[in-house]
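Trainee: Pasting a structure here, questions to come.
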Amino acid sequence: MTPEDEIAHHEDAFIRSFILTVRRERLRHELKKDRQRFINRFCHNATELLDPRYLIEIPPPNSSPEDLRQLLLDKGASKRCYALAAHPDVEGTLVDLKTALETSVGSGPTILSCVAGELAYLESEQEFGPPPRYLLYRPHEDRTTR
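full-length UniProt numbering applies: residue 1 is where the sequence shown begins, and numbers increase by one.
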């Protein structure tokens, strides 16, 4: 699979697996035409976009990139992920998970697709206190029920 194909696979799988059905077409359009708008949608109302069956809030303290990395690895993440992020150094890239977390934790909305359609990390925008952080987890067995 080429890097471009892998990126397209991560993006499509994220939308199909984690976004509420009624929001998918709009977000798919924004992802292709206005990436920044897509990313910004996860600033303050992420829970209104995501399927709650697969959303797990990571309780504070939750700002250690290494602890988050270990949590993701324990759930089956590989050492590389795909980043949709406000931080320009990782946005739109296939990147080492450790680097992605070190770069993006605390830097605005971030989605790290760790296993396409099965495992992702989401950091929302900080309003007060630490920003909300979530695991999006849809085990392989659940993928057939889309």
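Ideal placement from N, C-alpha and C gives every residue a C-beta, glycine not left out. Since we're looking at a predicted model, the values are computed, not measured.
(1) In the structure shown, what three-state DSSP assignment does T2 receive?
(2) Using the beta-carbon count (16 or more within 10 Å), is E48 buried or exposed?
(3) For the ligand ZN, is there a heavy atom less than 7 angstroms away from the beta-carbon of P52?
(4) Alpha carbon to alpha carbon, how far is R28 from R53?
(5) Report, in whole angstroms, the separation of the C-beta atoms of P130 and N62, which I expect to be a contact under 8 angstroms.
(6) Where does I111 fall in DSSP's three states?
(7) Check whether the region 57-76 and the region 15-25 touch, using three or more Cβ-Cβ pairs below 8 angstroms as the test.
Mentor: On the basis of the data shown:
(1) If you number the sequence shown from 1, residue 2 lands on position 2. Coil at T2, not helix or strand.
(2) Numbered from its first residue, the sequence shown carries residue 48 at position 48. Exposed, because fewer than 16 other Cβ atoms sit within 10 Å of the Cβ of E48.
(3) Ligands are entirely absent from the displayed structure, and the ligand ZN is therefore not among its contents.
(4) Within the sequence shown, the letter at position 28 stands for residue 28. Within the sequence shown, the letter at position 53 stands for residue 53. Each residue's alpha carbon lies about 20 angstroms from the other.
(5) Position 130 of the sequence shown, counted from the first residue, corresponds to residue 130. Position 62 of the sequence shown, counted from the first residue, corresponds to residue 62. Right, their Cβ atoms sit about 7 angstroms apart.
(6) For the purposes of this step, residue 111 is taken as residue 111 along the sequence shown, with counting starting at 1. It is a strand residue.
(7) no
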